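Colleague: A single structure is presented below for examination.
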Amino acid sequence: MTLPTPTGFALIDAHLITNTLHHAGATALLVEHGRITAVGDDTEIEALALAAGYPVRNAGGATVTPGLFDSHTHPHWAADVTRGVDLGGLGTVADLQAAVAAYAATLPVDAWVLGWNLEFEPFEATGVRGDLFDDAVAGRPFAAMFYDLHSGLANAAALTAAGVTAAPVFEDMSEVVVDASGALTGELREPSAYQLVFNAVPARSHEAERDALRDMFRTLAAAGLTGGAIMDGKPRTVDLIEELEQRGELDHRLVVHHWHAVTDDDAAVARVIAAKDRRGRLWESDGIKLFSDGVIDTGTAWLHQPDTCGDGVHAFWPDWNRYREVVRAYHDAGMIIATHAVGDFAVNRVLDAYAELPAHAAARVHSIEHLEVLADEDLEKLTGSGVTASMQPLHMQWREGDDSDNWAVRLGERAATGYRVRDVLNTGTRVTLGSDWPVAHYDPRIGMAWARGRSTPGVAGAPVFEPDQRLTGEEALLAYTLWPALARGHEDRGIIAPGALADLTLWSGDPVAASADELVTLPIAATVVDGRFVYDAL
Ligand SMILES: [Zn+2]
143 MTLPTPTGFA LIDAHLITNT LHHAGATALL VEHGRITAVG DDTEIEALAL
193 AAGYPVRNAG GATVTPGLFD SHTHPHWAAD VTRGVDLGGL GTVADLQAAV
243 AAYAATLPVD AWVLGWNLEF EPFEATGVRG DLFDDAVAGR PFAAMFYDLH
293 SGLANAAALT AAGVTAAPVF EDMSEVVVDA SGALTGELRE PSAYQLVFNA
343 VPARSHEAER DALRDMFRTL AAAGLTGGAI MDGKPRTVDL IEELEQRGEL
393 DHRLVVHHWH AVTDDDAAVA RVIAAKDRRG RLWESDGIKL FSDGVIDTGT
443 AWLHQPDTCG DGVHAFWPDW NRYREVVRAY HDAGMIIATH AVGDFAVNRV
493 LDAYAELPAH AAARVHSIEH LEVLADEDLE KLTGSGVTAS MQPLHMQWRE
543 GDDSDNWAVR LGERAATGYR VRDVLNTGTR VTLGSDWPVA HYDPRIGMAW
593 ARGRSTPGVA GAPVFEPDQR LTGEEALLAY TLWPALARGH EDRGIIAPGA
643 LADLTLWSGD PVAASADELV TLPIAATVVD GRFVYDAL
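Counting from 1, position 317 in the sequence shown corresponds to residue 459 in the numbering used here; the numbering is continuous, with no gaps.
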């Protein structure tokens, strides 16, 4: 099957936010074969469309911005993880048990019971234990992911089905947790541990998995997203994206970053590099994603000074030189590197590793993902580093105003050095924003609202975290449009101009003029990818 031929259309009576200094007062644009070919007033654009035989869409005064791009997302994983019951926002073990039991009742008696979006706070009194859910699932295997995707939980039936009968030793920071008596608790820290269990979950059919990914992209489009950077790419992810495009069912522009596991050997690195030039009309796959540390909540982030539990002093890698070595290999191959670094010392070390990479013609601008905590010395190191800071201020949604949350308790006074987006911008570093979906909600309006307000949008009196770090409405939009395009070297994306890709987001109002509170409920009127309306409520 061949791709549907992209044709053209005109959009008139629009309020354009172009992200350029040109076309002030323009109200219309022409799209042909996936690109914007003209920007102007209604009369001239309508005339061009009529001459070419293209339809004319009246935007009815809607605001049109360059398409929104999520710089850190896991849609393939999300399509899988979100199969089970959403356990987010449930504050007690009893609430969790009730939700799991209600969901389990809808499943066959021999089915695995899956959940996602667990939070840590409900387990403060009991500890994280799988047996808390044995009754709720009536003895069936139960496995759930925590919201941060760094920890999982399984009951004994699931552990047994996965063949996990004792705590293995991992080369990275992963851990199958045991209690004082040596018994498995069901808590699974970091991917190598929880994948033992989740890999044992019966797989969906190929068609079901492919269609779930297609539908996931359509869900994202309905929130105004036109593309994203996939941060956990696997060969299978690329296969499915390619298949969706061949079927004419790919509605998202994508960059796939292959997931490099700490244990990957030179042969694995060579395989990824050999496949880096796989691409399609809407996607490329020459990115790599590595971890340098874990997360604050489990004490696996790499910090200058230990957290209040004495954790946070270890690298994710048994040998940091191996990280430097593989980064060098991917860099030399011309790939774009994204390294997860949450803790301040992790950011510091990754900046050093990037700084020692040789300049060459194929060199790309590499990124650091998260930069959740930063010391002043790390900001100094960022200055002039040329890296992209890919940040997610909406992750502050799990903070408490009185610093009683686990994240803030572990950090102590350093909680005030969290999510320093304004400080990072002030170093001259390019900032991109993203969700880390399904860690946090994919909706870019929520992401922008948190970057702007640093407070739960729409909740009067909600605590504001470090208000001096807030972004303006314009900056938040740029960090979802033009800045990620520039960070990846694309001059024809993130702008509305002749020659630019026709990836557009249509809003029922102005997302910059709207307050952060108003923004989250501002309806998306339509989403255009490659010149096609992939979501259309206009
Ligand atoms: Zn992520």
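Just so it is clear, CB atoms sit at the ideal spot from N, CA and C, and this is done for glycine as well. Since this is a predicted model, take the numbers as computed values, not measurements.
Run the CB neighbour count on Thr234, radius 10 Å, all protein chains shown included, and call it buried at 16 or more, exposed below.
Modeller: Under this definition Thr234 is an exposed residue.
Colleague: Quick one: using the 10 Å Cβ neighbour count with 16 as the cut-off for buried, is Val311 buried or exposed?
Modeller: Classification for Val311: exposed.
Colleague: I need the residues with a C-beta less than 5 Å from some heavy atom of ligand 1; please give them in chain order.
Modeller: Per the Cβ criterion, the list is Met373, Asp578.
Colleague: If you measure between the beta carbons of Ala443 and Ala517, is that distance less than 8 Å?
Modeller: No, the pair does not count as a contact, with Cβ atoms beyond the cut-off.
Colleague: Please list the terminal residues of the continuous beta strand (DSSP E) segment that includes Phe433.
Modeller: It spans 425-433 - the beta strand (DSSP E) in which Phe433 sits, taken as one unbroken run.
Colleague: Once DSSP output is grouped into helix, strand and coil, what is the label at Asn548?
Modeller: Correct three-state label for Asn548: helix.
Colleague: With H, G and I counted as helix, E and B as strand and the rest as coil, what does DSSP make of Thr147?
Modeller: Note on Thr147: pLDDT 49, under 50, position unreliable in the model; the coordinate value appears next. Thr147: coil per DSSP, three-state reduction.
Colleague: Taking the alpha-carbon positions, what's the Val508 to Asp461 distance?
Modeller: In the sequence as displayed, the identity of residue 508 is His instead of Val. In a straight line, the C-alpha of His508 is about 21 Å away from that of Asp461.
Colleague: Check this for me: beta carbons of Leu575 and Met538, under 8 Å apart or not?
Modeller: Taking 8 Å as the Cβ cut-off, Leu575 and Met538 do not qualify as a contacting pair.
Colleague: Leu445 and Gly476: beta carbons closer than 8 Å?
Modeller: In this structure, Gly476 does not lie closer than 8 Å to Leu445 by Cβ.
Colleague: Determine the burial state of Thr105: buried for a count of at least 16 other Cβ atoms within 10 Å of its Cβ, exposed for fewer.
Modeller: Residue coverage of the chain in this structure runs from 143 to 680, which leaves residue 105 outside it and unanswerable.
Colleague: With 16 other CB atoms within 10 Å as the buried threshold, where does Ala416 fall?
Modeller: By the 10 Å Cβ count, Ala416 comes out exposed.
Colleague: To which residues of the same chain is Lys683 closer than 7 Å at the C-beta, ignoring the five residues directly before and after it?
Modeller: With the chain covering only 143 through 680, there is no way to say anything about residue 683.
Colleague: Please confirm if the segment 542-562 is in contact with the segment 488-508, defined as three or more CB-CB distances below 8 Å between the two stretches.
Modeller: They do not touch, by the three-pair rule.
Colleague: Near Gly714, what residues of its chain come up, given a Cβ to Cβ distance below 8 Å and the 5 sequence neighbours on each side ignored?
Modeller: Beyond the ends of the chain as shown, which are 143 and 680, falls residue 714; an answer cannot be given.
Colleague: How should Pro653 be labelled, buried or exposed, when 16 other C-beta atoms within 10 angstroms of its C-beta is the threshold for buried?
Modeller: Under this definition Pro653 is a buried residue.
Colleague: Could you give the first and the last residue of the continuous alpha helix (DSSP H) run that contains Val468?
Modeller: Looking at the DSSP string, the run of the alpha helix (DSSP H) that includes Val468 is 462-474.
Colleague: Let me make sure I understand the geometry here. Which of Leu274, Gly651, Gly294 has the alpha-carbon closest to that of Leu260?
Modeller: Cα-wise, what sits closest to Leu260 is Gly294.
Colleague: For the 8 Å Cβ check, are there 3 or more pairs between the segment 175-185 and the segment 224-238?
Modeller: Judged by Cβ distances under 8 Å, the segment 175-185 makes no contact with the segment 224-238, as fewer than three pairs qualify.
Colleague: Residue range of the alpha helix (DSSP H) that Asn200 falls in?
Modeller: Unbroken run through Asn200 is the beta strand (DSSP E), 198-200; no alpha helix (DSSP H).
Colleague: To the nearest angstrom, how far is the alpha carbon of Asp634 from that of Gly202?
Modeller: Rounded to the nearest angstrom, the two C-alpha atoms are 26 Å apart.
Colleague: What separation, rounded to the nearest whole angstrom, lies between the Cα atoms of Asp453 and Gly436?
Modeller: Going by the C-alpha atoms only, they are around 11 Å apart.
Colleague: Which residue wins for smallest C-alpha separation from Trp649, given the options Leu664, Arg572, Val455?
Modeller: The shortest Cα separation from Trp649 among Leu664, Arg572, Val455 belongs to Leu664.
Colleague: Using only the alpha-carbon positions, how far apart do Asp276 and Glu514 sit?
Modeller: Rounded to the nearest angstrom, the two C-alpha atoms are 36 Å apart.
Colleague: What's the C-alpha gap between Ala236 and Asn297?
Modeller: Looking at the two C-alpha atoms, the distance is approximately 16 Å.
Colleague: Decide if Glu519 is buried, meaning its Cβ has at least 16 other Cβ atoms within 10 Å, or exposed.
Modeller: With fewer than 16 Cβ atoms within 10 Å of its Cβ, Glu519 is classed as exposed.
Colleague: Who are the Cβ neighbours of Thr144 in its own chain at under 6 Å, not counting the five residues just before and after it?
Modeller: The predicted model places Thr144 with a pLDDT of 47, which falls under 50 and marks its position as unreliable, so this point remains unresolved.
Colleague: Mind checking Leu192: buried by the 16 CB within 10 Å criterion, or exposed?
Modeller: That one is exposed.
Colleague: Can you tell me whether Ala247 is buried or exposed, with buried defined as 16 or more other CB within 10 angstroms of its CB?
Modeller: Looking at its Cβ environment, which holds fewer than 16 other Cβ atoms inside 10 Å, Ala247 is exposed.
Colleague: At what residues does the alpha helix (DSSP H) containing Tyr245 begin and finish?
Modeller: 235-246 is the extent of the alpha helix (DSSP H) around Tyr245.
Colleague: Assuming Pro605 and Gly560 make a contact with CB atoms under 8 Å, what is their CB distance in whole Å?
Modeller: No, Pro605 and Gly560 are not in contact; Cβ-Cβ is about 13 Å, not under 8 Å.
Colleague: Counting pairs of Cβ atoms below 8 Å between the segment 620-629 and the segment 585-596, do you hit three or more?
Modeller: In short, these stretches touch, since the Cβ pair count reaches three.
Colleague: Among the residues of its own chain, which have a CB less than 7 Å from the CB of Glu329, if the five just before and after it don't count?
Modeller: Within the same chain, Glu329 has close Cβ partners Val270, Ser293, Leu295, Val319.
Colleague: First and last residue of the alpha helix (DSSP H) that includes Leu382?
Modeller: From DSSP, the alpha helix (DSSP H) with Leu382 extends over 377-388.
Colleague: Can you give me the start and stop residues for the beta strand (DSSP E) that Phe284 sits inside?
Modeller: Phe284 -> beta strand (DSSP E) spans 284-288.
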